Amino acid sequence: MRSTDLRSCSVMARGLWMDMICLMHDGTPYGYLKVGEKIIDAETLSRMVGIAKNETEILLKELKNTGVVEQDKSGCFYCRRLVKDEKLRKTRAKAGRLGGKQKSSKSLANTQAKPYQMVEDEDEDEKEDVLEKEREVLKFLNNTADRKFRLTESTKTLIGARLKDYSLDDMKRVIVNKHEQWRGTEQDKFLRPETLFNATKFDGYINEPDRPKTTGNTQVDAGLALAAKYESEGQ
């Protein structure tokens, strides 16, 4: 449970996510919250995990807002990581089958004549991977801080520059910490890409201690803090 977006969720939401992962592992297609062709909705999920429907809906909203779970156009929840792993598995399996076939002299000559093509393909894959991370960082910021920032060229440049030196989890950790520190104050307006991912400020932000997640409800916040304490002592 090292992912920052999952760490930012409540203990109850994490528990529900573990149950959902087990169900998605058996889903069709793999990684989707389905039984056969039937989508597992909030009501069905609540019966399967043994909690009330309204609590399930609240926890699902929390998981979605923090970017832990995705939802497709049909309303089906899915795990981005499981879907990505399955796609990679199929690609490798296909490549393995093709690799076993004998290449013609013409195709072999074309491959040998264009060695730069492999480098270009690798560069394209790397660019796409970076772009996916930039989108994920901005989506996490928008969901966490209730913003609607778009992935403009200037924002891509800011996020991309930080991703060269820091991990995706580092970026999300800074967003969570500054949100907990600034929300409801005059500094709330600085929950924006140009401030959070500024080259001269980010190193200071990343070295700040983690701030406990709060909800504004004193009793709930006390419970979350206690749970976090027990969890840290158990590690």
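Residue numbering for the sequence shown follows my numbering, starting at 1474 and increasing by one per position.
Ideal placement from N, C-alpha and C gives every residue a C-beta, glycine not left out.
Treat the numbers as computed from the prediction; the structure is a model and nothing was measured.
Distance check between residue 1492 and each of 1619, 1482, 1540, 1518 places 1518 closest, using alpha-carbon atoms only. The three-state secondary structure of residue 1512, taken from DSSP, is strand. Using a C-beta cut-off of 8 Å, the segment 1545-1554 makes contact with the segment 1496-1509, since at least three inter-stretch Cβ pairs fall below that distance.
The three-state secondary structure of residue 1678, taken from DSSP, is helix.
Nearest Cα to residue 1625 within the set 1608, 1618, 1656, 1637: 1608. A straight-line Cα-Cα distance of about 33 Å links residue 1679 and residue 1545. For the pair residue 1526 and residue 1516, the CB atoms are nearer than the 8 Å cut-off. The Cβ atoms of residue 1628 and residue 1682 lie no closer than 8 Å to each other.
Each of 1508, 1502, 1528, 1522 was checked against the Cα of residue 1555, and the nearest Cα belongs to 1502.
Of the candidates 1507, 1660, 1655, 1639, the residue whose Cα lies closest to the Cα of residue 1670 is 1639.
For residue 1479, the enclosing alpha helix (DSSP H) has its first and last residue at 1477-1480. Around the Cβ of residue 1635, a 10 Å sphere holds 16 or more other Cβ atoms; the residue is buried. Residue 1654: member of the alpha helix (DSSP H) spanning 1641-1655, first to last residue. Contact annotation, residue 1539 with residue 1482: C-beta distance approximately 6 Å; criterion of less than 8 Å satisfied. Restricted to the segment 1503-1552, the alpha helix (DSSP H) segments that are unbroken, complete and at least 4 residues in length are 1515-1522, 1526-1538, listed in chain order. Distance check between residue 1561 and each of 1504, 1512, 1535, 1615 places 1504 closest, using alpha-carbon atoms only.
For residue 1522, the CB contacts under 6 Å within the same chain, skipping 5 residues up- and downstream, are 1492 in chain order.
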